[in-house]
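Residue numbers 288 to 450, in the working numbering, belong to the letters of the sequence shown in order.
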Amino acid sequence: MTQNPLIKSYQDIFNRLSKAVSQGEKISLKFWEDVESQLIQLEHYTEQDASRLVQSIQRDLSETRQVLFDAGQAIEHWLEWDMQVVEEELSNWVKIVADPSTVDWLFLKQQWEQSTQYQTGDSIGIGKIHCIRCGQLITFSHTSIIPECPHCQGKDFQREPIF
Ligand SMILES: [Zn+2]
288 MTQNPLIKSY QDIFNRLSKA VSQGEKISLK FWEDVESQLI QLEHYTEQDA SRLVQSIQRD
348 LSETRQVLFD AGQAIEHWLE WDMQVVEEEL SNWVKIVADP STVDWLFLKQ QWEQSTQYQT
408 GDSIGIGKIH CIRCGQLITF SHTSIIPECP HCQGKDFQRE PIF
């Protein structure tokens with residue numbers, strides 16, 4: 288099985304995040320800066336690629352939290368909405384986004400309020416996005432790289448709301 292290095296890095300960062308959250312570490316700007324500089328120094332990412340990857344994760348976290356909590360929807364409802372989501376994968380996300388105190392959510396929200404678009408080549412965790420041009424839905428049940436739209440080859444997507 289060949290694995291895109293971007294996916295592996297995404298998962299590594301996600302695991303690190305899970306661990307930090309479970310240990311009560313405060314996830315704020317410093318955490319993200321540390322992750323970014325490690326990507327550059329240890330994994331030889333360019334500054335641009337490192338920051339793009341970190342931003343993908345921040346955006347997924349922020350949006351997953353909004354879908355699960357701010358929208359006032361029960362987790363059960365979300366599960367029903369997307370049965371393809373692997374339960375274990377989802378529970379890992381829930382553990383992180385359910386915590387209002389550990390992660391600096393305001394920072395993430397401010398960061399992503401204006402920019403919720405996804406593009407071909409971005410990494411993404413779990414979720415469902417639709418093509419802005421033709422509306423085609425694509426579902427992700429594990430960390431993936433966003434492909435071109437299979438219907439119209441569009442490259443711009445938005446996360447699908449649950450309503
Ligand atoms: Zn399309």
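The beta carbon of each residue, even a glycine, is placed where N, CA and C say it ideally should be.
Given the structure is predicted, the values throughout are model-derived calculations rather than measurements.
In the DSSP annotation of this structure, residue 353 is not part of any alpha helix (DSSP H), being labelled neither H nor E. The chain-ordered list of residues whose CB is nearer than 5 angstroms to some heavy atom of ligand 1 reads 418, 420, 421, 423, 436, 438, 439, 441.
With contacts defined as CB atoms closer than 8 angstroms, residue 297 and residue 344 qualify as a contacting pair. Taking C-beta atoms as the reference points, residue 315 and residue 386 fail to come closer than 8 angstroms. In the displayed model, residue 420 falls within coil according to three-state DSSP, outside both helix and strand. When beta bridges are read from the DSSP output, residue 446 appears opposite 416. DSSP, read as helix, strand or coil, puts residue 332 in coil.
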